[in-house]
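The structure appears right after this line, and notes come after that.
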Amino acid sequence: MERRRKHWGWGYEDEQPSPEEVRAAAGFLVGRLGFGSTEPEQPVPLSDVSLPAPRVTPPAALAAICATDEYERALHCYGRSYVDIVRAFRGRFEHPPDVVAHPRDEDELRATLDWALSIGAAVIAFGGGTSVVGGVEASTGCGDRAGVVTIDLKALDSVLEVDPVSLSARIQAGATGPGLEEQLGEHGLTLRHFPQSFQFSTLGGWIATRAGGHFATLYTHIDDLVESVRAITPAGVWESRRLPGSGAGVSPDRMLIGSEGTLGVITEAWVRVRRRPVHRASTPVRFPDFMSGAEAVRALSQSGLYPSNCRLIDAREAEVTGAGDGSHALLVLGFESAEHDVEPWMTAALEICADHGGTWIPPTRRGSGPGRASGEAVGSWREAFLRAPYLRDVFIAIGVLSETFETAITWERFPGFNEGVLAGVQDAVQEVCGGGFVTCRLTHVYPDGPAPYYTVLAPARRGGELEQWTQIKRAASEAVIDGGGTITHHHAVGRAHRPWYDAQRPAPFAAALRAAKAAVDPTGALNPGVLIDP
Ligand SMILES: Cc1cc2nc3c(=O)[nH]c(=O)nc-3n(C[C@H](O)[C@H](O)[C@H](O)COP(=O)(O)OP(=O)(O)OC[C@H]3O[C@@H](n4cnc5c(N)ncnc54)[C@H](O)[C@@H]3O)c2cc1C
24 MERRRKHWGW GYEDEQPSPE EVRAAAGFLV GRLGFGSTEP EQPVPLSDVS
74 LPAPRVTPPA ALAAICATDE YERALHCYGR SYVDIVRAFR GRFEHPPDVV
124 AHPRDEDELR ATLDWALSIG AAVIAFGGGT SVVGGVEAST GCGDRAGVVT
174 IDLKALDSVL EVDPVSLSAR IQAGATGPGL EEQLGEHGLT LRHFPQSFQF
224 STLGGWIATR AGGHFATLYT HIDDLVESVR AITPAGVWES RRLPGSGAGV
274 SPDRMLIGSE GTLGVITEAW VRVRRRPVHR ASTPVRFPDF MSGAEAVRAL
324 SQSGLYPSNC RLIDAREAEV TGAGDGSHAL LVLGFESAEH DVEPWMTAAL
374 EICADHGGTW IPPTRRGSGP GRASGEAVGS WREAFLRAPY LRDVFIAIGV
424 LSETFETAIT WERFPGFNEG VLAGVQDAVQ EVCGGGFVTC RLTHVYPDGP
474 APYYTVLAPA RRGGELEQWT QIKRAASEAV IDGGGTITHH HAVGRAHRPW
524 YDAQRPAPFA AALRAAKAAV DPTGALNPGV LIDP
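24 is the number of the first residue of the sequence shown in our numbering; add one for each residue after it.
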């Protein structure tokens with residue numbers, strides 16, 4: 024039998040820890056954080072959930088690929104933000120889709136789309152459902168539709184072609200991170216796009232949301248790895264040419280990249296792949312404080328060395344994740360290459376770090392050759408990074424509010440911006456939760472500025488979490504926009520970021536986007552409420 028994903032949280036049903044295990048984790052976490060409850064709540068089982076009857080019925084020709092049962096509708100109701108998981112944990116499934124379709128090829132996808140359009144339903148493309156911005160939730164914008172049809176791309180999960188000459192691969196949109204890496208691995212190739220949601224998120228979802236992945240410099244977003252895209256729109260097929268680069272006007276790829284399901288359903292893409300790295304070096308570097316670390320990161324980002332990993336973590340976050348003791352900021356610095364020894368790059372990068380007060384313990388094993396090289400702190404950080412999505416489910420059970428937000432800003436504004444955001448959000452956290460804290464790390468860096476990523480951990484008021492987070496998120500978003508940052512560096516806009524995205528974008532651009540949507544989706548059926556008003 025196929026493993027089923029948890030309908031309310033992260034991972035598979037068979038991965039859910041037992042109540043005793045959650046209780047044991049609660050004791051440890053409450054001790055470490057200083058808040059939360061040692062009496063965990065249990066999620067509402069699906070058998071206790073009742074959803075409104077579906078408003079539309081698929082035609083016989085599509086019955087085999089359409090589901091209307093409670094599990095499928097609940098699973099596809101939300102993404103996986105904190106507020107999504109809280110609602111699902113409590114058995115609150117607002118706006119479930121009426122029908123979930125699982126097309127196995129483009130013909131079935133087109134037939135589903137045609138049917139949904141013919142009955143006036145909203146259509147939501149669904150990859151892994153890991154959106155953290157309300158991207159797959161049929162709330163805002165969907166109210167006046169005859170129904171909601173969610174199209175799950177899961178069955179379109181193959182690497183269709185590999186071009187070893189140009190180092191590109193044609194991959195279907197529903198392929199998940201592990202799925203596509205496994206298939207590329209058979210050719211000795213890799214995409215090396217590793218968002219934290221890698222386990223479940225999909226190529227189509229990454230493209231639709233402009234996801235940020237593994238590389239901290241250079242190839243930060245999926246945008247940089249896309250060679251061409253193919254999508255089905257109500258007006259026909261939108262497919263761009265495979266080109267290494269092109270100056271032919273506004274890019275048809277770039278317009279689909281980040282379209283968040285509003286212009287068409289992406290079915291496949293040619294992406295730039297690479298040979299698997301065999302030379303790696305990784306060193307944790309300590310800085311006495313976050314800002315001296317940030318100065319080192321700025322110098323690194325402008326040095327032309329382009330480390331693959333360059334994540335600066337503040338002292339509190341390093342402590343919470345077990346990568347530090349709270350007395351220093353930590354830079355996780357890494358280089359990788361399939362072709363050449365990276366040791367000279369690491370040596371040059373460490374010299375830059377030393378110039379800014381960085382210190383490190385020479386790693387026991389570093390340098391060229393297959394395998395992973397890392398210090399203990401890097402290992403702890405990596406572990407914490409991979410565990411985080413699972414841990415969030417436990418946090419909800421033990422009454423800990425846990426959520427993140429991210430942005431980008433130019434270097435010359437970063438110190439003041441960061442201070443303003445931290446102060447504004449810390450005040451809101453204190454006021455709303457009576458305690459808790461905000462931490463910062465730099466996830467991606469550019470020669471002209473960093474992408475800061477903030478984590479909020481605070482005592483939650485059981486039953487009041489949504490109001491608590493709404494207030495904190497408002498304070499965070501206002502601080503980010505007022506400080507000149509972007510409302511999102513890689514989490515996308517969805518429904519949650521609309522007010523601030525609308526404030527950030529130029530008005531003529533918004534008009535052009537509306538006109539583009541009207542041209543390819545004249546009835547406004549595709550993901551209404553996302554990016555632009557229906
Ligand atoms: C724990 C966690 C960690 C995360 N870490 C990262 C991270 O490191 N980097 C990052 O960038 N994001 C991250 N995210 C956010 C999320 O994983 C990304 O936005 C991801 O790209 C979504 O992919 P998905 O396949 O799950 O898409 P979904 O959540 O299913 O959909 C997201 C949006 O894209 C649209 N869409 C999906 N597939 C298609 C398609 N084939 N055609 C057209 N539109 C489509 C949907 O309609 C929706 O608007 C994280 C989320 C979680 C919960």
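C-beta: ideal position from N, C-alpha, C; glycine also.
This structure is a prediction, so every number in the text was calculated from the model and none was measured.
Query: C-alpha gap between residue 389 and residue 305, whole angstroms; Result: Confidence in residue 389 is poor, its pLDDT being 48 and thus under 50, which makes the residue's placement unreliable; the coordinate value appears in the next sentence. Their backbone Cα atoms lie some 7 Å apart in a straight line.
Query: Residue 289 CB to nearest heavy atom of ligand 1 below 7 Å; Result: yes
Query: Same chain only: Cβ atoms within 6 Å of residue 434, ignoring 5 sequence neighbours per side; Result: 321, 472
Query: Exposure label - residue 251; buried when at least 16 CB within 10 Å; Result: buried
Query: Integer-rounded CB distance, given that residue 37 should sit under 8 Å from residue 26; Result: 7 Å
Query: Anticipated Cβ contact below 8 Å, residue 512 with residue 155, distance rounded; Result: So it is not a contact: roughly 13 Å between Cβ atoms.
Query: Same chain only: Cβ atoms within 8 Å of residue 162, ignoring 5 sequence neighbours per side; Result: 117, 118, 518, 552
Query: Unbroken alpha helix (DSSP H) run spanning residue 418, endpoints; Result: 399–420
Query: Beta-carbon gap between residue 148 and residue 231 smaller than 8 Å; Result: yes
Query: Paired residues, beta bridge with residue 182 - DSSP; Result: 194
Query: Contact set for residue 371: own chain, Cβ-Cβ below 7 Å, skip 5 residues either direction; Result: 328
Query: Selected residue, minimal CA-CA separation from residue 47, among 80, 313, 420, 480; Result: 420
Query: For residue 456, the three-state DSSP class (helix, strand or coil); Result: helix
Query: Alpha-carbon to alpha-carbon, residue 492 and residue 196; Result: 32 Å
Query: For residue 295: DSSP bridge partner residues; Result: 191
Query: Nearest candidate by alpha-carbon position, reference residue 642, set 288, 263, 237; Result: Residue 642 lies beyond the range of the chain shown here (24 to 557); nothing can be said about it.
Query: Cα-Cα separation between residue 353 and residue 441, rounded to whole angstroms; Result: 17 Å
Query: Backbone CA spacing between residue 168 and residue 540 [nearest angstrom]; Result: 17 Å
Query: Environment of residue 263 [buried if 16+ CB atoms lie within 10 Å]; Result: buried
Query: Collapsed DSSP secondary structure at residue 135 in the structure displayed; Result: helix
Query: One or two residues paired with residue 476 in a DSSP bridge; Result: 429, 464
Query: Three-state class that DSSP yields for residue 35 in the structure shown; Result: strand
Query: Inter-residue spacing [alpha-carbon to alpha-carbon] between residue 523 and residue 500; Result: 7 Å
Query: Per-residue DSSP class, three states only, for residue 332; Result: strand
Query: Supposed close pair residue 194, residue 216 - CB separation, criterion 8 Å; Result: Contact flag wrong, Cβ pair sits at about 11 Å.
Query: Own chain partners of residue 408 with C-beta closer than 7 Å, once the 5 adjacent residues on each side are dropped; Result: 219
Query: Per-residue DSSP class, three states only, for residue 101; Result: coil
Query: Rounded straight-line distance, which links the Cα of residue 324 to that of residue 485; Result: 43 Å
Query: Anticipated Cβ contact below 8 Å, residue 288 with residue 136, distance rounded; Result: 7 Å
Query: Residue range of the alpha helix (DSSP H) that includes residue 375; Result: 366–378
Query: Validate contact between the region 60–71 and the region 411–426 using beta carbons, cut 8 Å, 3 pairs; Result: yes
Query: Bridge partners - residue 262, DSSP secondary structure assignment; Result: 253
Query: Beta-carbon proximity list for residue 395, same chain, < 7 Å, skipping 5 on both sides; Result: Low local confidence applies: a pLDDT of 40 at residue 395 is under 50, so the model's placement there is unreliable, with the coordinate-based value given in what follows. The answer, listed in chain order, is 303.
Query: Nearest-angstrom Cβ-Cβ length linking residue 559 and residue 213, presumed shorter than 8 Å; Result: Not covered by the structure: residue 559. The range shown for the chain is 24 to 557.
Query: Buried or exposed (CB count within 10 angstroms, at least 16 for buried), residue 497; Result: exposed
Query: Distance, residue 554 Cα to residue 267 Cα; Result: 28 Å
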